[in-house]
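Enquirer: Dropping a structure here in structure tokens format, bear with me for questions.
Written out as structure tokens, the structure is:
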């Protein structure tokens, strides 16, 4: 090679470096600098991490020799008739190869691939290849860099951008290289980091015959819709590796930033501080605009944590936890600054570190959407199109949406709801890419690869750093001793993949050696030593066996129920507070004039139940109330048991003869019992507020088992066929009782049961919207207009008083008062609760809903074109309140205080029942009805945060999002949820309008002994109430089918 050519190559390399700098200066949305945990130019940012002089040498070598190639790749590996192909770029370095050596392949991820990955001598994998006489490949991922199956990235073209297609690309590439290069004894080792790390692990799992092992660093193998744990880990890393003062300063700064968004003066201050382009004062403001701004500011800390002191690029000496914490706390240059000002200083510092300067912050959501909708590629900036590609993959397969939904313990507040990311998917890719689509896509990805708990393979090393937020989605299972997970203490994202350096913590050094040792073992160069193999970390939840209780019969007491007029009255609930976004309950049947009510045969009884059925050493007991009606009994052996739910058990369920259950009891000659749920109504243990740990569905089911055995003994039932009934939560208990105690319960009828526990039950409001649209699409549009106007009034200091006036607030906001986001969300959720009630109980034959207050009624107000939508919204709230003047709560602490009052001595029954149900949601079920569903008629009214915060405010700081998620996981594991429920001899019914249907099962899941019916136009447990002439034809038909199915299950011929 001539000296002249070498000089030319070096000059060319310098030109390329300069060109890349020019390309990196290309204008782009500030929000995309670090969005969704991903830097603009990819998770690994190879070209930025190598020092400029060393990179120039690598590029000179690349210019002097041919290392870049293309491979003719199949477009669709799974449609045999599709023969289209495209050119996939790859890099190859065979300079170190000696025949018989291994083949290292570095998998490209969500960014352009670089020649440095096969040439830079300081990379560990290049060093290993040199030591082992190996060849090195780097394969660019389809739709990234220059690997473009189509000239544009239209949504129709992006259908071919999936991890499944990418894995098949790798398989075909390896197979072809084996032939093309005449590799007689191929020994492929697959390596990747971050998303490409997940690809490496999935490739070894899916194509074990094509590679001998895989190394997946910082691999997020668990797809998840709400990746709230990302920012949780960021917070923990800041507190633990920065300082407590740093975390508190960020918390205060974020709080002031969010509350300042509601105030015009504060917005002007922030416009100056952050050098916003343009200022807030000349920008149309809405929640998405603010959320984009918040995302940009919080993104500075996300990057600092994710790459903290990774031995590459700017993170070697800056841009890390220590550096941002220095600014947030004791940096001399920032002494005397407020924490909001320090957030601005961090923002400017990160920009200078990454981009060489700071020209202001663009925070436009619409501009970001516009950029992501650009379907073109750029040859000047190969990463220009990568943001669109990666956002597509998250919307279409993984989600990984990094919300601030971890509750009150979060230093990030409720600034970025999951709603924001779902909206982005819809706004960029179309209305079909909505919450339902993404949820199904995430479930399909998890099913395909197993997720964190289900991933299994051999010959894999899976390192993660505990500082790195992505480690929360890593796999720590070890089903085989060659499956090696390792969590590196005080290490960040893909740190083990970078060149060795002084920043390396001991764990990084150890893991590099561990990886190389495993590679040598895969190659057969050393024997596997299981004794010295790193101890794996198994995070699988262990199920501890619980001693099966003996369910011994307990003593019972009975007395006739005295008939008096009070039984004819509707129950009056003196507890006026409505839990925001938590509408539930099975109201008692309404007694109409033509209905027969007889209490002459109703006996009130009590059973002395054990407080803890699962601890044989605990002798504590409580009195559980029940009712018995034997007027229909013909000693047929049939016994019907109505199960109480989350409130007092009303005797009308056993006395209003027109109720379907009692009609069927009359036909079969059944005794009828009703059992009140522990801790509700009169079945309350002494000092109940100190015994909440015994207030669980599992204990309640054991109560049912003991009750049945005790009544059998007390009444001399020897061959009794018990049938349980319930609606809503008690419907769940009915189904679970048959599943849990099939030897005691012959059959079960469950109306509108909630079978799937779920923390963020955003599907509830989705169904509210869908049900309203069935009745009146215009109504839904008007509700959306009203909530948009409400949000506009909230962020306009001069007009906020209108909100006070319209909704008769409990504590009106005064001019200049700081608005806390949890207070605003409390107001919004209390308002949308009106529509929840109207939909859930629409036209049910009970209470006020028997003659109004349903969808058509509220929509008649919302469709009033003669006044402002916000006035219509006010009228709906007033209509729902009836003649009673009820103020609308707008303070988070009022909600907390109302529930806490239910735990105090002398609390009213309504307050007590409310807080006890709330405890069950925090401790077992979730069911938090947020607006985190993307585009919806309520907008970003209330994130799941507000419910987590309430749990912590009422029951203690230990009720974090993680604890509640774990509780919900255990509940679904125990009962099977709505996909693994295995009960038999059950009849279930669901109303098509009822939002709780989203947690139930569908008729398609019916089996010979599991009958599931959907009632078209039906609401919550509508089939349980007395028939009337106005019932829909389908409700009439389904009641008959339910009856027939039940009679078949209990072998009754009529």
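In my numbering, the protein residues as written are 212 to 1265. By construction, the Cβ of each residue, glycine as well, lies at the ideal position given by its N, Cα and C atoms. Please read all numbers here as calculations on a predicted model, not as lab measurements.
Just list the residues that DSSP pairs residue 969 with in beta bridges.
Expert: 1137
Enquirer: Check each candidate in 549, 735, 248 and name the one with the smallest Cα separation from residue 463.
Expert: 549
Enquirer: Which residues bound the beta strand (DSSP E) around residue 840?
Expert: 832–840
Enquirer: Rounded to the nearest angstrom, how far is the Cβ of residue 934 from that of residue 849, given a contact under 8 Å?
Expert: 7 Å
Enquirer: For the beta strand (DSSP E) that contains residue 699, what are its first and last residues?
Expert: 694–699
Enquirer: In angstroms, rounded to a whole number, what distance separates the CA positions of residue 366 and residue 459?
Expert: 43 Å
Enquirer: Take every Cβ of the segment 557–566, pair it with every Cβ of the segment 581–589, and state whether three or more of those distances are shorter than 8 Å.
Expert: no
Enquirer: Between residue 277 and chain D, is there a C-beta pair that is closer than 8 Å?
Expert: Included in the structure is just one protein chain, with no chain D present.
Enquirer: Straight-line CA distance for residue 717 to residue 698?
Expert: 12 Å
Enquirer: So, does the segment 524–543 touch the segment 436–443, judging by three or more C-beta pairs under 8 Å?
Expert: no
Enquirer: I'd like to know whether the C-beta atoms of residue 470 and residue 1030 end up nearer to each other than 8 Å.
Expert: yes
Enquirer: Got a sec, what are the start and stop residues for the beta strand (DSSP E) residue 301 sits in?
Expert: 296–304
Enquirer: Can you look up residue 782 in the DSSP assignment and give me helix, strand or coil?
Expert: Caution applies to residue 782, whose pLDDT of 42 falls short of 50 and renders its modelled position unreliable; the value that the coordinates give is listed next. Residue 782: coil per DSSP, three-state reduction.
Enquirer: Rounded to whole angstroms, what is the Cα-Cα separation between residue 1102 and residue 1021?
Expert: 8 Å
Enquirer: Residue 673 lies in the alpha helix (DSSP H); which residues open and close that run?
Expert: Residue 673 -> not in any alpha helix (DSSP H); beta strand (DSSP E) instead, spanning 671–676.
Enquirer: Tell me whether residue 898 sits in a helix, a strand or coil according to DSSP, three-state version.
Expert: coil
Enquirer: Report the residue from 314, 498, 354 whose alpha carbon sits nearest the alpha carbon of residue 343.
Expert: 314
Enquirer: Check whether the Cβ atoms of residue 412 and residue 673 sit closer than 8 Å, and answer yes or no.
Expert: yes
Enquirer: Would you call the CB atoms of residue 415 and residue 671 closer than 8 Å?
Expert: yes
Enquirer: Does residue 582 come out as helix, strand or coil in the three-state DSSP assignment?
Expert: helix
Enquirer: Pull up the DSSP beta-bridge partners for residue 1267, would you.
Expert: Nothing about residue 1267 can be read from this structure; the chain reaches only from 212 to 1265.
Enquirer: Alpha carbons only, please: which of 909, 1202, 579 is nearest the one belonging to residue 938?
Expert: 1202
Enquirer: What runs of the beta strand (DSSP E), each 3 residues or longer, lie entirely inside the segment 883–954?
Expert: 932–938
Enquirer: What residue range does the beta strand (DSSP E) around residue 957 cover?
Expert: Element bounds for residue 957: 956–962.
Enquirer: Quick one: Cα of residue 321 to Cα of residue 1151, how far?
Expert: 30 Å
Enquirer: Could you name the residues of the same chain whose beta carbon sits closer than 6 Å to that of residue 1164, not counting the 5 residues immediately before and after it, in chain order?
Expert: 1107
Enquirer: Check each candidate in 1221, 420, 516 and name the one with the smallest Cα separation from residue 678.
Expert: 516
Enquirer: Have a look at residue 1083 and residue 1093 and give me their C-alpha separation to the nearest angstrom.
Expert: 15 Å
Enquirer: Measure the alpha-carbon distance for residue 1067 versus residue 987 and round it to whole angstroms.
Expert: 8 Å
Enquirer: Just to confirm, are residue 303 and residue 269 a CB contact at a threshold of 8 Å?
Expert: no
Enquirer: Report the residue from 613, 853, 1019, 358 whose alpha carbon sits nearest the alpha carbon of residue 593.
Expert: 358
Enquirer: How about residue 1323 and residue 863: do their beta carbons lie closer than 8 Å?
Expert: There is simply no residue 1323 to check, as the chain begins at 212 and stops at 1265 in what is shown.
Enquirer: Considering only the beta carbon of each residue, do residue 511 and residue 535 sit closer than 8 Å?
Expert: Yes.
Enquirer: Under DSSP, the alpha helix (DSSP H) around residue 380 begins and ends at which residues?
Expert: 374–391
Enquirer: Mind checking residue 232: buried by the 16 CB within 10 Å criterion, or exposed?
Expert: Unreliable positioning characterises residue 232 in this predicted model, as indicated by a pLDDT of 36, which lies under 50. A coordinate reading is not provided.
Enquirer: Out of 1168, 906, 379, 990, state which residue places its alpha-carbon closest to the alpha-carbon of residue 1076.
Expert: 990
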